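Written below as structure tokens is the structure these notes are about.
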Amino acid sequence: MTLSASANITISAFEWVPDFARGQVRDLTVRWALEEVQVPYHTHLLHAGSARPESYLSWQPFDQVPAYRDNDGEMFESGAILLHLGRQDERLLPADPAARMQAESWLIGAISSIEPVLRPITLMPLFNGDKDWCAPAVASMMPIAERRLEQLARSLGDREWLAGEFSVADIMMAFVLRSFGGQLINDQPSLLAYRERALSRPAFQRALKAQLDDLTGEPPHA
Ligand SMILES: N[C@@H](CCC(=O)N[C@@H](CS)C(=O)NCC(=O)O)C(=O)O
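Residue numbers (the numbering used here): 59 to 280.
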């Protein structure tokens, strides 16, 4: 089973974000999956610095991107969208039941076990680096993050991808490691190599360019 242009896919994305978010917005994961299978998609562009239309909440209830639409219906949550795409294309999610079970576990693991321990360590200094409490708070979170990354590295072992063949699990894990792994993964050479292997895929490069190319909007008025 393979996805095709006839699915008529639209995703929401931003036409403007603050500089720190350029190339980091989560529609990147959906664009990446679609680039892997070379399925074209439309974009519905919104402004990250201005109120979105009230009607957008019926598509994405948290007023975030990405939201997704195809001939069958509408979705939100990047992880759910990736699984939906994967279920329609073996190039994104293995058909073999045991491998598929692993891939689905790793995709959810990326967003619910890895991201939550890395995210505050990366974002807290960005938004609260001038506060006295920031450095001690970050230091207190380091041991659990380091342990989680060691566990991830141990599970990956010397495999190329998390579930045999490349899959949406690797898209989500590489996105999380790229956005929130920062210096933390320097202590794990196999994870550094894994992240590099994923991000050097031509489909990722095309997805990144597509997101950046869509960011043509003006900053919000002061
Ligand atoms: N859990 C959601 C998170 C989506 C999300 O955080 N989107 C951010 C951009 S990366 C957003 O739209 N932020 C704007 C806002 O929250 O107002 C997903 O994975 O789709």
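Where a beta carbon is used, it is the ideal one built from N, C-alpha and C, also for glycine.
Keep in mind that this is a model prediction, so the values were computed, not measured.
Check this for me: beta carbons of residue i and residue j, under 9 Å apart or not?
| i | j | result |
| --- | --- | --- |
| A125 | Q118 | yes |
| V234 | L176 | yes |
| Q122 | G222 | no |
| I179 | A203 | yes |
| D147 | V95 | yes |
| L270 | G81 | yes |
| W164 | A261 | no |
| G240 | R253 | no |
| I166 | L207 | no |
| I69 | H105 | no |
| C192 | M182 | yes |
| L103 | D272 | yes |
For ligand 1, I want to know if residue i counts as a neighbour, meaning its beta carbon is within less than 8 Å of at least one of the ligand's heavy atoms.
| i | result |
| --- | --- |
| R84 | yes |
| A168 | no |
| D121 | yes |
| F262 | no |
| F134 | yes |
| G275 | no |
| A227 | no |
| A106 | yes |
| A268 | no |
| A232 | no |
| G144 | no |
| G137 | yes |
| A265 | no |
| A91 | no |
| A256 | no |
| A221 | no |
| P124 | yes |
| A79 | yes |
Report the CB separation of residue i from residue j in whole angstroms; it is logged as a contact under 8 Å.
| i | j | result |
| --- | --- | --- |
| I243 | L140 | Between L140 and I243 the Cβ distance is about 21 Å, and since that is not below 8 Å, they are no contact. |
| A265 | L150 | Incorrect: roughly 13 Å between the Cβ atoms, too far for contact. |
| L214 | S248 | 6 Å |
| R255 | E218 | 7 Å |
Return the residue from the list the options that minimises the CA-CA distance to residue i.
| i | options | result |
| --- | --- | --- |
| N66 | D128, Q82, I166 and E112 | D128 |
| F72 | G107, R158, P201 and R205 | G107 |
| P98 | I69, Y114, A63 and D77 | A63 |
| S225 | H100, G144, A251 and T101 | G144 |
| S237 | A156, T68, D245 and R84 | R84 |
| G137 | M231, P194 and F78 | M231 |
| A91 | L61, H102 and L103 | L61 |
| E93 | H102, F120 and Q263 | Q263 |
| S116 | E132, R158 and H102 | E132 |
| M59 | D154, E135 and Y114 | D154 |
Report the partner residues of residue i according to the DSSP bridge assignment.
| i | result |
| --- | --- |
| S225 | DSSP, once it has assigned bridges, lists no residue as partnering S225. |
| H102 | S70 |
| M133 | Y126 |
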